[in-house]
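>
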Amino acid sequence: MGGNERKSSKKLASQDQLRIRELLDQVLDKCTTMPSGDAKKEWKDHLEVQKLLQEVRDLEKPLSPNLPKRSNKWPAFLKWCSDNGAFLGSVSIKDLSDGEYGFIADEQVEESSQFLGVPLKLMMTTAAAKKSKLGPLLRDDPIMMSMSNVALAMFLILEYCAGESSFWHPYISTLPASFNTVLYFSVEELELLTGSTVLDEALKLHRSIARQYSYFHKIFRTHPLAKSLPYKDCFTYDLYRWAVSAVMTRQNAVPLTDPAGGDDGDCADAMTALVPLWDMCNHSDGKVLTDYDISANMLRCYAMRDFDKGEEVTIFYGRRTNAEFFIHNGFVFADNRYDAVDIKLGISKQDPLFAMKAKLCDDHDLTPSGTFALVPRERPVCEDLSTFLRILVLKDASQASSFKDEHIMDAMDDNARDALNFLIVRIQLLLRAFPKSDEEYENIIADKGSNGRIKMAAQLRLLERKILAAVLETLKECAEQRAQS
Numbered sequence: 001m002g003g004n005e006r007k008s009s010k011k012l013a014s015q016d017q018l019r020i021r022e023l024l025d026q027v028l029d030k031c032t033t034m035p036s037g038d039a040k041k042e043w044k045d046h047l048e049v050q051k052l053l054q055e056v057r058d059l060e061k062p063l064s065p066n067l068p069k070r071s072n073k074w075p076a077f078l079k080w081c082s083d084n085g086a087f088l089g090s091v092s093i094k095d096l097s098d099g100e101y102g103f104i105a106d107e108q109v110e111e112s113s114q115f116l117g118v119p120l121k122l123m124m125t126t127a128a129a130k131k132s133k134l135g136p137l138l139r140d141d142p143i144m145m146s147m148s149n150v151a152l153a154m155f156l157i158l159e160y161c162a163g164e165s166s167f168w169h170p171y172i173s174t175l176p177a178s179f180n181t182v183l184y185f186s187v188e189e190l191e192l193l194t195g196s197t198v199l200d201e202a203l204k205l206h207r208s209i210a211r212q213y214s215y216f217h218k219i220f221r222t223h224p225l226a227k228s229l230p231y232k233d234c235f236t237y238d239l240y241r242w243a244v245s246a247v248m249t250r251q252n253a254v255p256l257t258d259p260a261g262g263d264d265g266d267c268a269d270a271m272t273a274l275v276p277l278w279d280m281c282n283h284s285d286g287k288v289l290t291d292y293d294i295s296a297n298m299l300r301c302y303a304m305r306d307f308d309k310g311e312e313v314t315i316f317y318g319r320r321t322n323a324e325f326f327i328h329n330g331f332v333f334a335d336n337r338y339d340a341v342d343i344k345l346g347i348s349k350q351d352p353l354f355a356m357k358a359k360l361c362d363d364h365d366l367t368p369s370g371t372f373a374l375v376p377r378e379r380p381v382c383e384d385l386s387t388f389l390r391i392l393v394l395k396d397a398s399q400a401s402s403f404k405d406e407h408i409m410d411a412m413d414d415n416a417r418d419a420l421n422f423l424i425v426r427i428q429l430l431l432r433a434f435p436k437s438d439e440e441y442e443n444i445i446a447d448k449g450s451n452g453r454i455k456m457a458a459q460l461r462l463l464e465r466k467i468l469a470a471v472l473e474t475l476k477e478c479a480e481q482r483a484q485s
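Residues 1 to 485 in the UniProt record's numbering are what the sequence shown spells out, letter by letter.
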């Protein structure tokens, strides 16, 4: 993006502008209605919205941004960091493979030693966004005010459009030109997720970003506070998708230093930030050893273990499942001890006992439908799932008065047995619903012609099947022991 490579001098023909508005009105209409809960209909709706967005993207091509080509931008970026007070220990940024970068130890890095320090002034924060030209619109717009990630994405676009005049230009120049987030997945790539709750989350995210883009496209044309902003002639779906993905994969909360600059919402004592340098750290298992030094207004990162010379220096992102990494970070971590598979369960409103079951759910702080995690451990079923399953399989109203919530893997009563058997059958059905075999997934991963997104999806499905199979085996053993008692 050196020398400001935006295509900002180009404008669309008036008929193309009108057509885009018509298309985005349709997108907004389709994405504003509540999801039906019917998987087939939601997939059909997704295909229709993607068709509309593809036409929008084709019409917007003259405005398409030349996004960062990062490979030769590192020296300028590191000088910018150093000039502005960043600390970089015995580590260097290196190209790991396929355009992925990370930190490599130049010499041995000892556990608990600081290897990074990033001052607040280098961070792109929601506080900085509020003080920028975006500030008046940000404070007036209900979406940006309530969603700090959206506000930060808009701020990133503002600074991107400023080119070399932006203070953050050296940082923005090193951001990837594209991401492996589900927003970049084609229809064919998403189909690999069929049968997984991850597909539901992916479609929800696509729907949300399409709705936001349609909404802001209109805001930037019509809102009085947007007139002085550069968005009108550079704001495209591809640019918004890029900015949202950059924020989604990199955002962090840092302590609030200015009471007027915090995020509105649940985390009023913090602000959402993009943290240069630190966001180059990749994930591996370990412990969190990052701290924010309020007195120095600096984020400090310490080694979570010893790293040998030449070894990649990584940090621990926290306890997340691979589904969460997949959706929010754009990667899958094979040796994830916190992994789990979510399943969705619900009590049908056509169930003659719905009212009674809904009341029992309420009594136990549960809702009549929900998502529950299955974990590959000795006890894969949590207390909430156990109780919900007990309620779900009740056969007559008389059972309500004698309802027991003893865990289904411990109890010997008929209701516990029915609940356990129900879950076993449900997992068997989930395993049958996988669109490909293990061998086919492994072939996708091994295929040098497969892109990173499709390999990641195949890896996720293999890990999901492994967890479901392990949980099924545990539950079957439990059921057999109950039958013999």
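Where is the CB? At the ideal position from N, CA and C, for every residue including glycine.
Model, not experiment: these values are computed from the prediction.
DSSP on G163, reduced to helix/strand/coil?
Of the three classes helix, strand and coil, the one that applies to G163 here is helix, per DSSP.
> With C-beta atoms as the reference, is P68 less than 8 Å away from A162?
Cβ atoms of P68 and A162: not closer than 8 Å.
> Mind checking which residues open and close the alpha helix (DSSP H) that includes N252?
Counting along the chain, N252 falls outside any alpha helix (DSSP H), though it belongs to the beta strand (DSSP E) covering 252-255.
> Which two residues bound the contiguous beta strand (DSSP E) that contains D95?
Per DSSP, D95 belongs to the beta strand (DSSP E) from 91-97.
> Are L138 and A127 close, meaning C-beta to C-beta below 8 Å?
Not a contact, by the Cβ cut-off of 8 Å.
> Do M280 and G102 have their beta-carbon atoms positioned less than 8 Å apart in this structure?
The answer is yes: Cβ separation under 8 Å.
> Thinking C-alpha only, which one of A226, P380, A355 is nearest A397?
It is A355.
> For the candidate residues S208, R305, I454, N322, whose alpha-carbon lies nearest to that of A105?
Looking at the Cα atoms, R305 is the closest of the given residues.
> Suppose the cutoff is 8 Å on Cβ atoms and the five residues either side in sequence are ignored; what does the same chain contact list for Y338 look like?
If we look at Y338 and ignore the five residues flanking it on each side, its Cβ neighbours are R319, R320, T321.
> What span of residues does the alpha helix (DSSP H) with C478 cover, start to end?
C478 -> alpha helix (DSSP H) spans 452-484.
> Whose C-beta lies closer than 8 Å to the C-beta of G286 among residues of the same chain, with five residues either side of it excluded?
M304, R305, T314, I315, F316, listed in sequence order.
> Extract the residue ranges of the beta strand (DSSP E) inside the segment 13-59, only unbroken runs of 3 or more that lie entirely within it.
Runs of the beta strand (DSSP E) inside the segment 13-59: none found.
> Going straight from the alpha carbon of I20 to that of D365, what length do you get?
Each residue's alpha carbon lies about 46 Å from the other.
> Return the CA-CA distance between K11 and N252, expressed in angstroms with no decimal places.
In a straight line, the C-alpha of K11 is about 36 Å away from that of N252.
> Hey, is D293 close to the ligand FMN, as in C-beta under 7 Å from one of its heavy atoms?
Among the ligands in the structure shown, none appear at all, so the ligand FMN cannot be discussed.
> Could you check whether N415 and R379 sit closer than 8 Å to each other, using their CB atoms as the reference points?
Contact: no.
> If you reduce the DSSP assignment to three classes, tell me which class residue 497 lands in.
Outside the displayed range of the chain (1 to 485) lies residue 497, so it cannot be described from this structure.
> If T194 and P65 are in contact, beta carbons under 8 Å, what's the gap, nearest whole angstrom?
Not a contact, Cβ separation roughly 33 Å.
> Please return the same chain residues whose Cβ sits closer than 6 Å to the Cβ of D16, not counting the five positions on each side in sequence.
Taken in chain order, the residues that qualify are L59.
> Measure the Cβ-Cβ separation of V275 and M412 and say whether it is below 8 Å.
Cβ distance not < 8 Å, so V275 and M412 don't count as in contact.
> Which term fits K357, buried or exposed, when burial requires 16 or more other beta carbons within 10 angstroms of its beta carbon?
Buried.
> So, are the CB atoms of T290 and L299 less than 8 Å apart?
Cβ atoms of T290 and L299: closer than 8 Å.
> Since R300 sits in a beta bridge, which residues does DSSP pair it with?
Paired residue(s): G117, D291.
> I'd like to check one pair, C361 with L420: are the Cβ atoms closer than 8 Å?
No, these two residues do not count as a Cβ contact at 8 Å.
> So the candidates are P368, L374, L78; which of them puts its Cα closest to the Cα of L472?
Here the closest residue by C-alpha is L374.
> Could you tell me which residues DSSP pairs with I104 in its beta bridges?
In the DSSP output, where bridge partners are listed per residue, I104 has S92, E312.
> Looking at the secondary structure, which residues open and close the beta strand (DSSP E) in which L274 lies?
Residues 270-274.
> Below 8 Å between beta carbons: does that hold for R426 and I343?
Yes, Cβ-Cβ distance for R426 and I343 is below 8 Å.
> Can you tell me which of K73, G452, A13 puts its alpha carbon nearest to the alpha carbon of F326?
Among K73, G452, A13, the Cα nearest to that of F326 is on G452.
> Can you grab the Cα-Cα spacing for the pair D418 / K232, in whole Å?
The straight-line gap from Cα to Cα measures roughly 59 Å.
> Have a look at A243 and G330 and give me their C-alpha separation to the nearest angstrom.
Their backbone Cα atoms lie some 14 Å apart in a straight line.
> Quick check on G330: does DSSP put it in helix, strand or coil?
The answer is coil: DSSP assigns G330 none of H, G, I, E or B.
> Hey, how far is the Cα of A202 from the Cα of F185?
Spanning the two alpha carbons is a distance of roughly 9 Å.
> Compute the beta-carbon to beta-carbon distance between G85 and L116, rounded to the nearest angstrom, for a pair I have assumed lies under 8 Å.
With 8 Å as the limit, G85 and L116 do not qualify as a contact, their Cβ atoms being about 12 Å apart.
> What separation, rounded to the nearest whole angstrom, lies between the Cα atoms of D410 and G370?
Approximately 23 Å between the Cα atoms of the pair.
> So, are the CB atoms of Y302 and Q114 less than 8 Å apart?
Going by C-beta atoms, Y302 is nearer than 8 Å to Q114.
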